[in-house]
Amino acid sequence: MRRAIALVLVGVAVVMGAAAERGPILITSNAGFTAENGVIGGSGTTEDPYLIVGWQVRVPTGGLYGIRIENTTASFVVRGCAVSGAMDSGGAAISLVNASGGTIEDCTVMDSVHGIRIERSRDIAVRDNFLGVRGVGFQVLGTEREHFRHAVDPTNTVNGEQVRYYYDLSGQVLEGITGSHITIAASRDVILRGARMDRGDGITVAFSDNVRIEGADISRARANGVFIFSSPGAVVVDSPRIANSAQAGIAVLLSDRVRVENSGLYANQVGLHVSASDGVFATNNVFAANSIGVLVTGGSRETVIQDGLFHQNRHGVELEAAFGPVVERCAFTESDVAVFIGRQTTFPRVAYSTMVRVGYGISTFASHGLYERNLVARANIGIIFEEAYREAFPTGNIVRHNVLYRSTDAFYLGTETTGTFVYGNLIWDCGRAARDLGSNTWARHGRGNWYSDYAGVDANGDGVGDDPVLFGGRGQDPAPLMDRAFFPGLPGVVGAMKERPVTLEDAAGKRVTLTARVAALPHERFIGFQGIPAEMGTDLAVLFVFERPVRSQFHMRNVFLPLDIVFFAADGAFLGRNRMEADTGDLYGAADPFTMALEVPAGLLDELGLGREIRLIQSP
Numbered sequence: 199m200r201r202a203i204a205l206v207l208v209g210v211a212v213v214m215g216a217a218a219e220r221g222p223i224l225i226t227s228n229a230g231f232t233a234e235n236g237v238i239g240g241s242g243t244t245e246d247p248y249l250i251v252g253w254q255v256r257v258p259t260g261g262l263y264g265i266r267i268e269n270t271t272a273s274f275v276v277r278g279c280a281v282s283g284a285m286d287s288g289g290a291a292i293s294l295v296n297a298s299g300g301t302i303e304d305c306t307v308m309d310s311v312h313g314i315r316i317e318r319s320r321d322i323a324v325r326d327n328f329l330g331v332r333g334v335g336f337q338v339l340g341t342e343r344e345h346f347r348h349a350v351d352p353t354n355t356v357n358g359e360q361v362r363y364y365y366d367l368s369g370q371v372l373e374g375i376t377g378s379h380i381t382i383a384a385s386r387d388v389i390l391r392g393a394r395m396d397r398g399d400g401i402t403v404a405f406s407d408n409v410r411i412e413g414a415d416i417s418r419a420r421a422n423g424v425f426i427f428s429s430p431g432a433v434v435v436d437s438p439r440i441a442n443s444a445q446a447g448i449a450v451l452l453s454d455r456v457r458v459e460n461s462g463l464y465a466n467q468v469g470l471h472v473s474a475s476d477g478v479f480a481t482n483n484v485f486a487a488n489s490i491g492v493l494v495t496g497g498s499r500e501t502v503i504q505d506g507l508f509h510q511n512r513h514g515v516e517l518e519a520a521f522g523p524v525v526e527r528c529a530f531t532e533s534d535v536a537v538f539i540g541r542q543t544t545f546p547r548v549a550y551s552t553m554v555r556v557g558y559g560i561s562t563f564a565s566h567g568l569y570e571r572n573l574v575a576r577a578n579i580g581i582i583f584e585e586a587y588r589e590a591f592p593t594g595n596i597v598r599h600n601v602l603y604r605s606t607d608a609f610y611l612g613t614e615t616t617g618t619f620v621y622g623n624l625i626w627d628c629g630r631a632a633r634d635l636g637s638n639t640w641a642r643h644g645r646g647n648w649y650s651d652y653a654g655v656d657a658n659g660d661g662v663g664d665d666p667v668l669f670g671g672r673g674q675d676p677a678p679l680m681d682r683a684f685f686p687g688l689p690g691v692v693g694a695m696k697e698r699p700v701t702l703e704d705a706a707g708k709r710v711t712l713t714a715r716v717a718a719l720p721h722e723r724f725i726g727f728q729g730i731p732a733e734m735g736t737d738l739a740v741l742f743v744f745e746r747p748v749r750s751q752f753h754m755r756n757v758f759l760p761l762d763i764v765f766f767a768a769d770g771a772f773l774g775r776n777r778m779e780a781d782t783g784d785l786y787g788a789a790d791p792f793t794m795a796l797e798v799p800a801g802l803l804d805e806l807g808l809g810r811e812i813r814l815i816q817s818p
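Here the sequence shown is numbered in this note's numbering, starting from 199 and rising by one per residue.
Written out as structure tokens, the structure reads:
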């Protein structure tokens, strides 16, 4: 046996010396393992695999693959090959498709976009390979769990960083892992804690149950930052940075009941992409500078997006194809569209959200939607049912108890809209109240909306104006409301903040108790008084609460009334006080780190008889 092995090795050396350089290798069946395709020995059995050894493969311009083996059951070894020039992003230097029983070892990939791609294959061993790539270094794709059943050693590297591949784990905790690639497949009840990756392939969870990713820090992933595929019950939590991914920060495909919580998604193509997955829950996350903050496609059912902070995304939330999605208690600023809802979505609900300085607040083609208790300020159009050109026929929508403030247009209802109920809204200091080109109802139950510029009379004193408000198109509000006392509390994020009593005491011992809204979550602290009409904010107090002492500053952009701010230490001690002017770019802070800050309308504390230095007495 030793003599036979020696003879084979000698044969390899001779061939390598004679013909080390060649073009791409393409094998499309067992019959393709031939000398013309780079095979230098072996019979294709487990004991005697076909050998593809020692080649330098140069992919020509326009070529997709250096070595591609597909639709094979014979055993093979690709060893010691160097592949370069696979520059088409649709291909890979080494590609296996529907293959089994193969080995890739001691190979080098250089000057290529993608390295090794294994698709719908089984029982592939991958070890000791160096992949120097511009795109995805190592990738496994498949439609069933066995397609991920491979032996992939950490001796593989992508751009000098290890590949970490785990299959069939149960109950393990993987902690502090760094590398270029992490896959967890066919596993259950696994915790991945503190993973860090820069310029890598990202984290893949496939055909697994209840995998929990905690504290991940992923930047510049060449594909998705985190890809959750056919893995119900997965959780991504407390991950402060998933940023600059070429595709999605987090992609969820065919995975029900996934949760994304307390995480930051920045400058990705999409922050969170949910496709064909039901019951996905995203709460208390920050989405900033993504093209799309959250994208829901594939008919996903009952996606819930709560307590989100959306800043400078082109679209904050895009519900392309979904059933029963919910967007609530979210803050949106500086987006083209805060919430976009496509024609393949039904029964959406958008509520208690604040949208400030946006092109459109809510843009929708959907039917049977509910839009309530939102605050839209400084928009081009607050809420728009866009022209669908007979490709969609929005019907059965309810738009109620929203505040449209200081926007060019409050509402636009396109030609195809029918049966939309628009009532109980405050249309406040807008350039134009509405255009309605469809067939919709503006005074359900005989009561319409309130308009800040309405000059009609109410002869019988029933609270409804005698003259209708006429819109462009065919629409009119036949029953405009004379005052806004009917409105059920504060709109938007502020309206959903918890309330608590706050007791203040000055240096002379005078005590005053106020009821304050508590801004304890990032989106609450971010939005504060932004967008609130000045008249609505005259009795409003907001207590900002931080988890630990911070050095931070407050701005007044999009805040329409002057405020006083008082800073406090964790024990309530006074740290400073400022008056902040309305809607300016000035910044206001304290000299020392603070844990709490109280904002109230300017002059309120003086009216209550409190001195300048005030301490906060904690509630029981």
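Positions of the beta carbon are idealized from the N, C-alpha and C atoms, including for glycine.
With H, G and I counted as helix, E and B as strand and the rest as coil, what does DSSP make of N235? Working through the sequence shown from its first residue, we reach residue 235 at position 37. Of the three classes helix, strand and coil, the one that applies to N235 here is helix, per DSSP.
Identity of the residue in G774, D704, G735, P720 nearest L806 by Cα: For the purposes of this step, residue 806 is taken as residue 608 along the sequence shown, with counting starting at 1. Of G774, D704, G735, P720, the smallest CA-CA separation from L806 is found for D704.
Spatial neighbours of G774 within its chain, please: C-beta separation below 7 Å, excluding the five flanking residues on both sides. For the purposes of this step, residue 774 is taken as residue 576 along the sequence shown, with counting starting at 1. The residues are F765, A788, A789.
If Y167 and W626 are in contact, beta carbons under 8 Å, what's the gap, nearest whole angstrom? The chain is shown only over 199 to 818; residue 167 falls outside these bounds and no answer can be derived.
Assuming A739 and V798 make a contact with CB atoms under 8 Å, what is their CB distance in whole Å? Here residue 739 refers to the residue found at position 541 when the sequence shown is read from its first residue. Here residue 798 refers to the residue found at position 600 when the sequence shown is read from its first residue. In this structure A739 touches V798 by the C-beta definition: roughly 5 Å separates them, less than 8 Å.
Would DSSP call R598 helix, strand or coil? For this step, residue 598 is matched to residue 400 along the sequence shown. R598: strand per DSSP, three-state reduction.
Span separating the alpha-carbon of A730 from that of N578: Locating residue 730 in the sequence shown gives position 532, counting from the first residue. Locating residue 578 in the sequence shown gives position 380, counting from the first residue. Strictly speaking, residue 730 in this sequence is Ile, with Ala absent from that position. I730 and N578: Cα-Cα distance of roughly 17 Å.
Touching or not, the stretch 232-242 and the stretch 283-291, by the rule of three or more beta carbon pairs under 8 Å? no
Under 8 Å, with one C-beta from each stretch per pair, do the stretch 699-713 and the stretch 528-542 reach the 3-pair mark? As far as the Cβ criterion goes, the stretch 699-713 does not touch the stretch 528-542, which means the pair count is below three.
For E526 and F485, the rounded distance between their alpha carbons: For this step, residue 485 is matched to residue 287 along the sequence shown. For this step, residue 526 is matched to residue 328 along the sequence shown. About 15 Å.
Start and end of the alpha helix (DSSP H) containing D321? Reading the sequence shown from its first residue, position 123 is the one you call residue 321. Note, D321: premise wrong, no alpha helix (DSSP H); not H, not E.
What three-state label does DSSP hand G580 in the structure shown? For the purposes of this step, residue 580 is identified with residue 382 of the sequence shown, where counting begins at 1. DSSP places G580 in strand when its eight states are reduced to three.
Count the other CB atoms within 10 Å of the CB of R588; is the residue buried (16 or more) or exposed (fewer)? As a first step, residue 588 must be located in the sequence shown, where it is residue number 390. R588 counts as exposed, since fewer than 16 other beta carbons sit within 10 angstroms of its beta carbon.
For K696, which beta-bridge partners are listed by DSSP? Translated into positions along the sequence shown, residue 696 becomes position 498. Bridge partners of K696 according to DSSP: V716.
Buried or exposed: I815, going by 16 or more other Cβ atoms within 10 Å of its Cβ? If you number the sequence shown from 1, residue 815 lands on position 617. Exposed, since its Cβ has fewer than 16 Cβ neighbours within 10 Å.
According to DSSP, which residues form a beta bridge with M778? Taking the sequence shown and counting its residues from 1, one reaches residue 778 at position 580. Its beta-bridge partners are L761.
Kindly list the residues whose CB is nearer than 8 Å to the CB of G663, restricted to its own chain and excluding five residues on each side of it in sequence; keep chain order. The residue labelled residue 663 in the question sits at position 465 within the sequence shown. Excluding positions up to five away in sequence, the list reads Y652, G654, V655, D656, A677, P678, L679, M680.
DSSP three-state label for I725, please. Taking the first residue of the sequence shown as 1, we reach residue 725 at position 527. In the structure shown, I725 sits in a helix (DSSP, three-state: H, G or I).
Let me know if T552 comes out buried or exposed under the rule of 16 or more other beta-carbons within 10 Å of its beta-carbon. If you number the sequence shown from 1, residue 552 lands on position 354. So T552 ends up on the buried side.
Quick check: the Cα distance between T306 and L339, rounded to an integer number of angstroms? One-based indexing of the sequence shown puts residue 306 at position 108. One-based indexing of the sequence shown puts residue 339 at position 141. Answer to the nearest angstrom: the Cα atoms are 21 Å apart.
Keeping to the same chain, check which residues put their C-beta closer than 7 Å to that of D476; ignore five residues upstream and five downstream. What you label residue 476 is simply residue 278 of the sequence shown in a count that begins at 1. The residues are D454, S498, R499, E500.
Evaluate F684 with the Cβ neighbour count: other Cβ atoms within 10 Å of its Cβ, from every protein chain shown; 16 or more gives buried, anything less gives exposed. Within the sequence shown, numbered from 1, the residue matching residue 684 stands at position 486. Classification of F684: exposed, given that the 10 Å Cβ count is below 16.
For P818, count neighbouring Cβ atoms within 10 angstroms of its own Cβ and tell me buried if that reaches 16, exposed if not. Here the question's residue 818 lines up with position 620 in the sequence shown. Reliability fails at P818, whose pLDDT of 37 lies under 50, so the model's placement of it is uncertain and no value is given.
Q504 - partner residues in DSSP beta bridges: By 1-based counting over the sequence shown, the position of residue 504 is 306. Paired residues: T481, E526.
Does the Cβ of A211 have 16 or more other Cβ atoms within 10 Å, making it buried, or fewer, making it exposed? What you label residue 211 is simply residue 13 of the sequence shown in a count that begins at 1. Confidence is the limiting factor: at A211 the pLDDT is only 37, short of 50, which leaves the residue's position unreliable and the question unanswerable from this model.
With C-beta atoms as the reference, is R410 less than 9 Å away from R332? Position 212 of the sequence shown holds residue 410. Position 134 of the sequence shown holds residue 332. Not closer than 9 Å, so no.
Under 8 Å by Cβ, that's how I've got V822 and G400 pegged, so tell me the actual separation to the nearest angstrom. Residue 822 is absent from the model: the chain starts at 199 and stops at 818.
Compute the distance between the beta-carbons of V667 and D675, then report whether it is under 9 Å. Within the sequence shown, residue 667 is the residue found at index 469, counting from 1. Within the sequence shown, residue 675 is the residue found at index 477, counting from 1. Cβ distance < 9 Å, so V667 and D675 count as in contact.
Where L785 falls, given that 16 or more other Cβ within 10 Å makes a residue buried: Here residue 785 refers to the residue found at position 587 of the sequence shown. Exposed, because fewer than 16 other Cβ atoms sit within 10 Å of the Cβ of L785.
Endpoints, the beta strand (DSSP E) within which E359 is located: What you label residue 359 is simply residue 161 of the sequence shown in a count that begins at 1. Here the beta strand (DSSP E) through E359 covers 359-365.
With 16 as the cutoff for other CB atoms within 10 Å, does H379 come out buried or exposed? Along the sequence shown, one-based indexing puts residue 379 at 181. Under this definition H379 is a buried residue.
What is the residue span of the beta strand (DSSP E) that E570 lies within? Start at 1 with the first residue of the sequence shown, and residue 570 comes out as number 372. 568-570 is the span of the beta strand (DSSP E), which, as asked, contains E570.
Three-state secondary structure (DSSP) at N296? As a working mapping, residue 296 is identified with position 98 in the sequence shown. N296 falls in the coil class under three-state DSSP.
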